[in-house]
Amino acid sequence: MATAITTAMMMPKSEPNIQESHRSFYLRYYVVFPGFMFHSIHIIYLSVSPSSHWRGDVMAQYKCSVCGYIYDEESGEPSTKTAPDTLFDELPHDWRCPVCAAGKEAFSVLSSEGESGPALPMIWRCTVCNYRYSEEDGEPATKTPPGTRFAELPDMWRCPVCGAARAAFVMVRKDAIAHEKSEKTVSDVIIEGLVASGIDLVFGLPGTSSLGLVDAIRKNGKVRYIVVRHEEAAAMAASAYNKLTGRIAACLTIAGPGATNLATGLYDAKEDGASVVSLNGQVEMQYTGEYGMQEIDQDAFFRPITVYNNTISDRKMTLLLLSRAIRYATLRHGVAQLSIPNDIQKQPLDPSICKTEIVIVEPAITPDAASLQKARDAIDGAEHPVVLAGFGAYHDADAVLAFAEAIDAPILTTYRAKGILPEDHPRVISVLGSVGSPQARILAERADLIVAFGVGFSKFTNVPLDTRIIQVDTNPVKLGVGNMTIPLWGTCSETISLLTQMVEKKTRPGLAEEIAAMKIAWLDQLDSEADSKAVPIRPPYLMKILSEKLPAAAVICLDVGENQWWFGRNFLMKQQRFTMSGYLGTMGFGFPAAIAAKLAYPEKQVICITGDGGFSQAMADFVTAVKYDLPMVVIIMNNRQLGMIQVEQLMENYPNYGTDLHNPDFAAYADACGGAGIRVEQPGDLAGAVGKALSMNLPVIVDVICDARRIV
Numbered sequence: 083m084a085t086a087i088t089t090a091m092m093m094p095k096s097e098p099n100i101q102e103s104h105r106s107f108y109l110r111y112y113v114v115f116p117g118f119m120f121h122s123i124h125i126i127y128l129s130v131s132p133s134s135h136w137r138g139d140v141m142a143q144y145k146c147s148v149c150g151y152i153y154d155e156e157s158g159e160p161s162t163k164t165a166p167d168t169l170f171d172e173l174p175h176d177w178r179c180p181v182c183a184a185g186k187e188a189f190s191v192l193s194s195e196g197e198s199g200p201a202l203p204m205i206w207r208c209t210v211c212n213y214r215y216s217e218e219d220g221e222p223a224t225k226t227p228p229g230t231r232f233a234e235l236p237d238m239w240r241c242p243v244c245g246a247a248r249a250a251f252v253m254v255r256k257d258a259i260a261h262e263k264s265e266k267t268v269s270d271v272i273i274e275g276l277v278a279s280g281i282d283l284v285f286g287l288p289g290t291s292s293l294g295l296v297d298a299i300r301k302n303g304k305v306r307y308i309v310v311r312h313e314e315a316a317a318m319a320a321s322a323y324n325k326l327t328g329r330i331a332a333c334l335t336i337a338g339p340g341a342t343n344l345a346t347g348l349y350d351a352k353e354d355g356a357s358v359v360s361l362n363g364q365v366e367m368q369y370t371g372e373y374g375m376q377e378i379d380q381d382a383f384f385r386p387i388t389v390y391n392n393t394i395s396d397r398k399m400t401l402l403l404l405s406r407a408i409r410y411a412t413l414r415h416g417v418a419q420l421s422i423p424n425d426i427q428k429q430p431l432d433p434s435i436c437k438t439e440i441v442i443v444e445p446a447i448t449p450d451a452a453s454l455q456k457a458r459d460a461i462d463g464a465e466h467p468v469v470l471a472g473f474g475a476y477h478d479a480d481a482v483l484a485f486a487e488a489i490d491a492p493i494l495t496t497y498r499a500k501g502i503l504p505e506d507h508p509r510v511i512s513v514l515g516s517v518g519s520p521q522a523r524i525l526a527e528r529a530d531l532i533v534a535f536g537v538g539f540s541k542f543t544n545v546p547l548d549t550r551i552i553q554v555d556t557n558p559v560k561l562g563v564g565n566m567t568i569p570l571w572g573t574c575s576e577t578i579s580l581l582t583q584m585v586e587k588k589t590r591p592g593l594a595e596e597i598a599a600m601k602i603a604w605l606d607q608l609d610s611e612a613d614s615k616a617v618p619i620r621p622p623y624l625m626k627i628l629s630e631k632l633p634a635a636a637v638i639c640l641d642v643g644e645n646q647w648w649f650g651r652n653f654l655m656k657q658q659r660f661t662m663s664g665y666l667g668t669m670g671f672g673f674p675a676a677i678a679a680k681l682a683y684p685e686k687q688v689i690c691i692t693g694d695g696g697f698s699q700a701m702a703d704f705v706t707a708v709k710y711d712l713p714m715v716v717i718i719m720n721n722r723q724l725g726m727i728q729v730e731q732l733m734e735n736y737p738n739y740g741t742d743l744h745n746p747d748f749a750a751y752a753d754a755c756g757g758a759g760i761r762v763e764q765p766g767d768l769a770g771a772v773g774k775a776l777s778m779n780l781p782v783i784v785d786v787i788c789d790a791r792r793i794v
């Protein structure tokens, strides 16, 4: 005879899909026959949730307070592959409403009468004119009393501003636009995270999908927010800031066009290994897709540019994703991008529940002992070694000099490392490559060993690859150029120091005198090119005057074009710092870089050397320098040409075509913006104009009318 047994058991922790925040019990009915046992079909679940809402043997329904969708536990949800009889508590934490994509927190349980607790009053936005209808306030203009639900409005009701029909309205959660001011939001936590990581400078342009972040910057008070006129300038400035200082700046824009406008500046950072954090707004979660206004797939768009790329779709992931972004940007020397949907930005967030600290440890990499021994043997056996310093060693100038002195070798530099040591130093020759001196080329080709520190080996440096090379780099992917390379994977500072201690100290008779004679010959050639009487002004003469006038501690920001060629060849660096767009080589970089430089070094003279073509691409932001009181001097080589393209057409036997420029009066433009402008046409006026500009405490443009010809 069968016996019925009823037991009550606690749900085991191994039961799948059960949230730990709910204590679940179940009653099992067993029917026992002699020799075996089986479960009955009927099982009653009892659940104690944090809200202490008890359900008996009836499965519940949950209503989305955003769109009204009802999730039925008994039926499940085929569109999200949720099986029937799946409790709402068992849904994954990142489960979303299949209609409007609202999170689980937007749902409330329906009572047995089919009503949930007091529903949040909604706000409905007119997509034509942006008018908002508040269910809480009603609308006096249409005699709609407070508390009237949008669904209760008559069919003929119209927007009181533009007359649009009800169908033109979309629902907006009231707490998404009127969150508690005293409560921290996702945006607040993001900005606090930036500050905690040492990021206190943000370049950007505010807009609809970034307002939460912008307001968080305002409230925080520890971040300087520089509003530019074009997002490209924001990304270029952030890239330049890291190249100059080693510190990270962020850029902040809206979704869609704001994000796409960042691309060129962020690609500059990618190509030159600059660390940048890019924060971008995104449309609300429920509006993502091909019909969202200003919405693109930003993850896909930024993927080829970034070392880290993600979207914060769950507020609880905010600090985790921000921490990853900053770590990747710092340690992989590239761009990290986070998109933050507009509704997520404004959600309340207690950072203490995230339990994530932003910790960054930069490793010091040293080569293995065998590789160091091999390099030491090569250095000790070389008769004509040459040291080639690249941008990767820019912050290790003293170590480079100490190594060169230990083995008694001349120092050449790549273009990006120009000025790593003063160019009048007796051991420094010049830049090696297309803008370098013949003397540098002679030494490189004569060398039986080139010791290269942080060198990228671009085609413009033109290193003779049939020479044996010791190459030091932190990026193992870059190691191994040419067939004769001894690769050393390590940070320059540590590796140079180790090599200096290991190598045999040498003195090479006659080398110092040979270098001195080479330097004199090169300087004599530059002097002969600097015609002080030619009209229009010759670029070599402009570079000579700038070499004489610019302070030794100045920061120089260089644009791309003919100005770049003349600077690399004819300007003599003292102890100045300079930056440029290296591998991407984008025009328009110089002036945004100057803005970044002045913010980084407010006590120093900042000079932008640019062409009329390059400045024209960035000139809208001259008013940004005026607005934020950033004194600087902009030297425009105004040759009314895309000068470098004109030369390249000539070299490739093309007729000159499409390079003529019709320019405004740049000096008058500076005056109109609130700065100062000086126009120079005569070589005799040049030195005085540069001196005057350097003495003025505001943004100044010196418009120098130059000869467009490279060779006269």
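Numbering of the sequence shown is given in my numbering, commencing with residue 83 and proceeding in unit increments.
Just so you know, even glycine gets a beta-carbon here, dropped at the ideal spot from N, CA and C.
Residue i in three-state terms, based on DSSP
{"i": "VAL287", "result": "Note that residue 287 is Leu in the sequence shown, not Val. Reduced to three states, the DSSP call for LEU287 is coil."}
{"i": "GLU159", "result": "strand"}
{"i": "LEU561", "result": "coil"}
{"i": "SER44", "result": "Residue 44 lies beyond the stretch modelled for the chain, which goes from 83 to 794, so this question has no answer here."}
{"i": "GLN333", "result": "Residue identity check: residue 333 is Cys in the sequence provided, not Gln. Residue state, collapsed to three classes: strand."}
{"i": "ILE793", "result": "coil"}
{"i": "SER134", "result": "A caution first: SER134 carries a pLDDT of 33, below 50, which makes its placement in the model too unreliable to give a value."}
{"i": "ILE493", "result": "strand"}
{"i": "GLN764", "result": "coil"}
{"i": "ALA775", "result": "helix"}
{"i": "TRP647", "result": "helix"}
{"i": "CYS146", "result": "strand"}
{"i": "ASP506", "result": "coil"}
{"i": "VAL782", "result": "strand"}
Buried or exposed by the 16-neighbour rule on C-beta atoms within 10 Å, applied to residue i
{"i": "PRO621", "result": "buried"}
{"i": "CYS244", "result": "exposed"}
{"i": "THR370", "result": "buried"}
{"i": "TYR736", "result": "exposed"}
{"i": "TYR76", "result": "The structure shown has nothing for residue 76, since the chain only spans 83 to 794."}
{"i": "ASP548", "result": "exposed"}
{"i": "ILE793", "result": "exposed"}
{"i": "ASP530", "result": "exposed"}
{"i": "LYS541", "result": "exposed"}
{"i": "TYR69", "result": "The question about residue 69 has no answer, for the chain in this structure spans 83 to 794."}
{"i": "MET831", "result": "Because the chain here runs from 83 to 794, residue 831 falls outside it and cannot be looked at."}
{"i": "GLY303", "result": "exposed"}
{"i": "ASP694", "result": "buried"}
{"i": "SER321", "result": "buried"}
{"i": "ILE524", "result": "exposed"}
{"i": "SER122", "result": "Any reading at SER122 is ruled out, since the residue's pLDDT is 36, under 50, leaving its predicted position unreliable."}
Integer-rounded CB distance, given that residue j should sit under 8 Å from residue i
{"i": "LEU334", "j": "VAL284", "result": "5 Å"}
{"i": "ILE783", "j": "VAL762", "result": "With a Cβ gap of about 11 Å, ILE783 and VAL762 do not count as contacting."}
{"i": "ILE717", "j": "CYS690", "result": "7 Å"}
{"i": "ILE535", "j": "GLY472", "result": "The identity of residue 535 in the sequence shown is Phe, whereas the question assumes Ile. So it is a contact: roughly 6 Å between Cβ atoms."}
{"i": "LYS500", "j": "VAL513", "result": "5 Å"}
{"i": "GLY773", "j": "LYS631", "result": "6 Å"}
Beta-carbon proximity check, residue i vs residue j, cutoff 9 Å
{"i": "ILE638", "j": "THR661", "result": "yes"}
{"i": "ILE493", "j": "ILE461", "result": "no"}
{"i": "CYS179", "j": "PHE189", "result": "yes"}
{"i": "ARG498", "j": "GLY670", "result": "no"}
{"i": "PRO433", "j": "GLU274", "result": "yes"}
{"i": "ASP606", "j": "LYS626", "result": "no"}
{"i": "SER421", "j": "THR448", "result": "no"}
{"i": "SER629", "j": "LEU654", "result": "yes"}
{"i": "ALA233", "j": "CYS241", "result": "no"}
{"i": "ILE408", "j": "ALA418", "result": "yes"}
{"i": "ILE272", "j": "LEU402", "result": "no"}
{"i": "PHE748", "j": "MET778", "result": "no"}
{"i": "ILE619", "j": "ILE511", "result": "no"}
{"i": "ILE281", "j": "VAL359", "result": "yes"}
In the segment 671 to 751, which residue ranges form an unbroken beta strand (DSSP E) of at least 3 residues, counting only runs that do not cross its ends? The qualifying runs are 688 to 693 and 714 to 720.
Could you pull out every unbroken beta strand (DSSP E) segment of at least 3 residues lying fully inside the segment 412 to 484, listed in chain order? Whole beta strand (DSSP E) segments, 3+ residues: 417 to 423 and 467 to 471.
May I have a chain-ordered list of the beta strand (DSSP E) segments no shorter than 3 residues that lie completely inside the segment 548 to 592? If only uninterrupted beta strand (DSSP E) runs of at least 3 residues are considered, those enclosed by the segment 548 to 592 are 551 to 555 and 567 to 571.
Along the chain, which unbroken stretches of the alpha helix (DSSP H) at least 4 residues long are found entirely within the segment 327 to 410? Secondary structure in the segment 327 to 410: the alpha helix (DSSP H) runs of 4 residues or longer, each lying completely within the stretch, are 339 to 343, 345 to 354 and 380 to 384 in chain order.
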